[in-house]
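Report on the structure given below.
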Amino acid sequence: MNVFTHFQTMLRVVVSELATSGKIPSDQDGSKITCEPPREAGHGDVATNAAMVLAKSAGMKPHALAAMIAARLEAFPEVTEVTVAGPGFINMRLADDFWRERLREILETGPAYGDSTLGQGRRVNVEFVSANPTGPLHVGHGRGAVVGDALAALLEKTGHAVTREYYINDAGAQVDVLARSTYLRYREALGETIGPIPEGYYPGTYLFPVGQALARREGRRWLSAPESEWLEPVRTFAIEALMAVIGEDLAALGVRHDVFSSEHALVTAGGVENAVGLLAERGLVYEGVLDPPKGKQVDNWEPRPQLLFRATRFGDDIDRPLRKSDGRWTYFASDLAYHLDKYHRGFSSMIDVWGADHGGYVRRVQAAVQALTEGKGTLDVKLCQMVALLDAGEPVKMSKRAGTFVTLREVIDQVGRDVVRFIMLTRKNDAHLDFDFARVTEQSRDNPVFYVQYAHARACSVHRHATEIFPGVDLSPRGLSAYGVHRLTDPSELGLIRMLAGWPRVVEGAALAHEPHRVAYYLYDLAGAFHGLWHKGNERAELRFLVPDDPELSFARLALVQGMATVVASGLAVFGVDPVEEMR
RNA sequence: GCGCCCUUAGCUCAGAUUGGAGAGAGCAACAGCCUUCUAAGCUGUGGGUCGCUGGUUCGAGUCCAGCAGGGCGCGCCA
2 MNVFTHFQTM LRVVVSELAT SGKIPSDQDG SKITCEPPRE AGHGDVATNA
52 AMVLAKSAGM KPHALAAMIA ARLEAFPEVT EVTVAGPGFI NMRLADDFWR
102 ERLREILETG PAYGDSTLGQ GRRVNVEFVS ANPTGPLHVG HGRGAVVGDA
152 LAALLEKTGH AVTREYYIND AGAQVDVLAR STYLRYREAL GETIGPIPEG
202 YYPGTYLFPV GQALARREGR RWLSAPESEW LEPVRTFAIE ALMAVIGEDL
252 AALGVRHDVF SSEHALVTAG GVENAVGLLA ERGLVYEGVL DPPKGKQVDN
302 WEPRPQLLFR ATRFGDDIDR PLRKSDGRWT YFASDLAYHL DKYHRGFSSM
352 IDVWGADHGG YVRRVQAAVQ ALTEGKGTLD VKLCQMVALL DAGEPVKMSK
402 RAGTFVTLRE VIDQVGRDVV RFIMLTRKND AHLDFDFARV TEQSRDNPVF
452 YVQYAHARAC SVHRHATEIF PGVDLSPRGL SAYGVHRLTD PSELGLIRML
502 AGWPRVVEGA ALAHEPHRVA YYLYDLAGAF HGLWHKGNER AELRFLVPDD
552 PELSFARLAL VQGMATVVAS GLAVFGVDPV EEMR
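Structure follows, in structure tokens:
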């Protein structure tokens, strides 16, 4: 149960009752009524703005309306106190039993706690990573991978039907460069001296095994063949090989896509012609000449008529080219086709996760989606800012040329997949992220991964301990729920339950905003509250979780500990991180 | 030049069904305490022109306009 939506619904009922009984005018719009936790815990458990947003239409002063609503709220058994404060807030304090019941709900529900029906089964397509198949993934791709995957999980948790998709950019000039680079390695593998890798080719040693594999499969047959003969098969071979490399990188990160879409296949099937044709039918395509970009010197600029999309009709700054000078489609044109394809596959809700360097592209693709779907499709683009690799505060020197480039795989191998995943989600996607090797592996409160995992491990430790003290007792979540939790009376215990009961609200808020990082902050706060409770047990023995002389109290507190672990596990599941049972 | 993103405590950042109540957390600093059910801590104190200036509103860190500083991008790369 989302406590706050629960009371929001209640408030709307109260307001409509007031209206039907003639206490206030009948045409009240309850949609702006919200319930939320007050900033100050001292104000109560739930605050609502109902009186303030309805005051005008009710023709009453906020305080008078609030008093009327408050009188009704007092009748609810779970509400113990109602006060009107400030400009007209109505604050409610809820019965301890109401909160204890939430803990039992958590235990009965397990890690599915926080699931919601918000999405009502609507289909959403989350496209992420989509790195060009020209090399292994780097750390920036890793951030996009984790953000996309966690966002997808969040949407699944809130009742959306999510498809995780990868768009393979296997058409265009760069995959030809890849093919030529691979061909060099092929010759090298057959004993030829290739000298230095020419400018503009991919110099990475990761192509070495690809060339060898090609040589093993094809022998010497292409050594003296003209490029026109080998280019296409080598390209196909290389793309497949590099997608396999990327696939391994993603597997190491625990990311799985449901669908891999090929740009090449889309283009070959005439997808671009379809999409552009559709726009042409709607009069959104024309031959025109663009002004040169200002402020940036472009060599060889010459005004040239070209096929343009009227992106300015949909909020973009300039109309965008669809054809290159050589007559081939621009990347943007195939992106039109791709997003139309997604829409035709049943996704009116699309999310793309891109690197921040593609920021200039957002408007035009959104314009395209709007034009192609006649406003029925939506595209949200999450831009991921750069990740700075540090070690104890010092930048890790990276240079593609010098070969000191750190791949995602190396980072995963060094610190572990769960650490990478969690840390990548500790910042808003559009904020810079420092990834400090020393920081993310240290065991202290500074390290959010450790701090959250440690809370879970401690809970497991308490549980293990309890099985020794109370042998033969059913200490499973359901068992604990059955023993009852009425012995939880300390304010710090009830405070922790309140925090646990806030999880569904966090999930829904993060899902609606497409902001998985909120989960990280919540988990960090929750872990902090739990560690605080633990330390209270150190100081005051009567507050320890396990009190051997008092099984009933111990079971109630174990229930609380288990509830905390359940919510942490639920949150980590969104991140694709496995909760640990022991710290090592 | 234009567009997008960012600017909140000394540092790193939150700020939550999108406008609500004296703006929070963690580090660092200072003052005490603790040495444990699994150690990597606990409590308290100080610290703010929410970049600046206007505007909308009963109410603005949040919305709008302008300005300043930082990042990214700007036809024939993807």
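Residue numbers for the first sequence, in the working numbering: 2 to 585. The beta carbon of each residue, even a glycine, is placed where N, CA and C say it ideally should be.
Does the Cβ of M387 have 16 or more other Cβ atoms within 10 Å, making it buried, or fewer, making it exposed?
Result: exposed.
Identify every residue that forms a DSSP beta bridge with T84.
N92
Among G347, V416, F315, A432, which one has its Cα closest to the Cα of D358?
The option with the nearest alpha carbon to D358 is A432.
Could you check if Q371 is buried or exposed, using at least 16 other CB atoms within 10 Å of its CB as the buried criterion?
buried
So, are the CB atoms of M425 and V256 less than 8 Å apart?
no
Note down, one range per segment and in chain order, each beta strand (DSSP E) of at least 3 residues found wholly within the segment 483-569.
none
Cut-off 6 Å between Cβ atoms - residues of its own chain near I352, not counting five sequence neighbours on either side
V127, D381
L337 and R314 closer than 8 Å at C-beta
no
Quick check on the burial criterion: 16 or more other C-beta atoms within 10 angstroms. Buried or exposed for Q415?
exposed
Expected contact under 8 Å - CB spacing of R103 and A162 to nearest Å
Their Cβ separation, rounded to whole angstroms, is 28 Å, which puts R103 and A162 out of contact at 8 Å.
In this structure, how does DSSP classify A467 when only helix, strand and coil are distinguished?
helix
Alpha-carbon to alpha-carbon, A86 and A48:
Going by the C-alpha atoms only, they are around 10 Å apart.
Closest by CA to L534, which one among Y525, L524, F546?
F546
Roughly how many angstroms separate the alpha carbons of R585 and V569, rounded to a whole number?
Straight-line Cα distance between these residues: approximately 19 Å.
So, do the segment 254-272 and the segment 152-166 have three or more beta carbon pairs nearer to each other than 8 Å?
yes
Is it true that the CB of K377 sits closer than 8 Å to the CB of S349?
yes
Is G205 near L409, with beta carbons less than 8 Å apart?
no
Take G201 as the anchor and find which of T135, I240, A96, R221 has the nearest alpha-carbon.
T135
Under 8 Å between the Cβ atoms of P293 and L308?
no
Among E37, V354, V441, the one whose alpha carbon lies nearest that of G45
E37
Could you tell me the alpha carbon to alpha carbon distance between D327 and L373, rounded to whole angstroms?
Cα-Cα distance, rounded: 25 Å.
Let me make sure I understand the geometry here. Which of G115, P39, V363 has the alpha-carbon closest to that of L573?
The shortest Cα separation from L573 among G115, P39, V363 belongs to G115.
A483 versus V4 - alpha carbon distance:
22 Å
Reduced DSSP secondary structure (H/G/I, E/B, other) of H139:
strand
Between the CA atoms of R428 and A270 - distance to the nearest angstrom:
40 Å
Helix, strand or coil for A253, going by three-state DSSP, please let me know.
helix
I want to know whether the segment 213-228 touches the segment 185-203 - three or more CB-CB distances under 8 Å.
yes
Grab me the residues of P63's own chain with a C-beta within less than 7 Å of its C-beta, minus the 5 sequence neighbours each way, in chain order.
Scanning its chain for C-beta atoms nearer than 7 Å, with the 5 sequence neighbours on each side dropped, one finds around P63 the residues A52, M53, A56, P88, G89, in chain order.
Please state if the CB of R488 and the CB of A557 are separated by a distance shorter than 8 Å.
yes
Comparing C-alpha positions only, which one of P227, Y207, P234, F209 sits nearest to E219?
Taking only the C-alpha atoms, the option nearest E219 is P234.
Indicate the three-state DSSP secondary structure (helix, strand or coil) for A162 in the structure shown.
Collapsing the DSSP output to three states places A162 in a strand.
DSSP three-state label for N275, please.
Look at N275 here: in three-state DSSP terms it is helix.
Here's the rule I'm using: 16 or more other beta-carbon atoms within 10 Å means buried, otherwise exposed. How should G361 be labelled?
exposed
Is it buried or exposed for T567, if we count other Cβ within 10 angstroms and need 16 for buried?
buried
Work out the CA separation of G538 and V246 for me, nearest whole Å.
50 Å
Comparing alpha-carbon positions, which option in F238, G60, M244 lies nearest P137?
M244
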